[in-house]
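Per the working numbering, the sequence shown starts with residue -9, numbered consecutively.
Where is the CB? At the ideal position from N, CA and C, for every residue including glycine.
All of these numbers come straight from a predicted model, not from anything done at the bench.
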Amino acid sequence: MKILAIVGSPRPKGNTSYLVDQALQEAAVHGLDTEKIILTKYKVNPCQGHDNCSSFSACKQDDDVPWILDKFCSAEGIILGSPVYYYNMTAQMKAFVDRNYFLYRHDISPRMVCAGLIVIGGSAG
-9 MKILAIVGSP RPKGNTSYLV DQALQEAAVH GLDTEKIILT KYKVNPCQGH DNCSSFSACK
51 QDDDVPWILD KFCSAEGIIL GSPVYYYNMT AQMKAFVDRN YFLYRHDISP RMVCAGLIVI
111 GGSAG
């Protein structure tokens, strides 16, 4: 079984990434294959809203989203990790989630057996 973690934190060595690493280490102990994608290391453009999602090639954006979504769809387990910014996920994670519209539009179901969220909140004071 393959577990894919997608980290939306702009801090690749921050608390979110640390907790995702802990979850992946536990999965590996149980014999699962794991992979972590840190969105800030890839080009993830926001959705342009052109509604031209007939295929990935129809979307004229030149970024890494098709490659990431291919991994997303082939994983049996997904972990999404994001700190809370202004009561929401980060802009990086939001851009990725918005680009998942292609999957919804074409009723493409990932092979997912399980999913999890790691959400980190705090305050400056």
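Would you mind reading off the limits of the alpha helix (DSSP H) that contains residue 7?
Residue mapping note: residue 7 aligns to position 17 of the sequence shown, counting from 1. Element bounds for residue 7: 5 to 19.
Check whether the segment 80 to 97 touches the segment 12 to 21, counting contact only when three or more Cβ pairs, one atom from each stretch, lie closer than 8 Å.
no
Assuming residue 71 and residue 108 make a contact with CB atoms under 8 Å, what is their CB distance in whole Å?
The sequence position of residue 71 within the sequence shown is 81, counting from 1. The sequence position of residue 108 within the sequence shown is 118, counting from 1. 4 Å between Cβ atoms; contact.
By Cβ distance, which residues of its chain are closer than 7 Å to residue 74, with the 5 residues on each side in sequence left out?
Walking along the sequence shown from the start, residue 74 turns up at place 84. 109, 110, 111.
Rounding to the nearest angstrom, what Cα-Cα distance links residue 17 and residue 66 in this structure?
Counted from its first residue, the sequence shown places residue 17 at position 27. Counted from its first residue, the sequence shown places residue 66 at position 76. If you take the alpha carbons of residue 17 and residue 66, they lie about 12 Å apart.
Measure the beta-carbon distance from residue 127 to residue 106 and round it to whole angstroms, keeping in mind my assumption that it falls under 8 Å.
One cannot answer for residue 127 here, as it falls past the ends of the chain, which runs -9 to 115.
Quick check on residue 33: does DSSP put it in helix, strand or coil?
Numbered from its first residue, the sequence shown carries residue 33 at position 43. Coil.
Nearest-angstrom Cα separation, counted from residue 54 out to residue 32:
In the sequence shown, the residue the question calls residue 32 occupies position 42. In the sequence shown, the residue the question calls residue 54 occupies position 64. About 6 Å.
In angstroms, rounded to a whole number, what distance separates the CA positions of residue 61 and residue 113?
Along the sequence shown, one-based indexing puts residue 61 at 71. Along the sequence shown, one-based indexing puts residue 113 at 123. Near 34 Å, if we compare the C-alpha coordinates of residue 113 and residue 61.
Could you tell me the alpha carbon to alpha carbon distance between residue 103 and residue 14, rounded to whole angstroms?
Looking up residue 103 in the sequence shown gives position 113. Looking up residue 14 in the sequence shown gives position 24. If I take the Cα positions, the gap works out to 16 Å.
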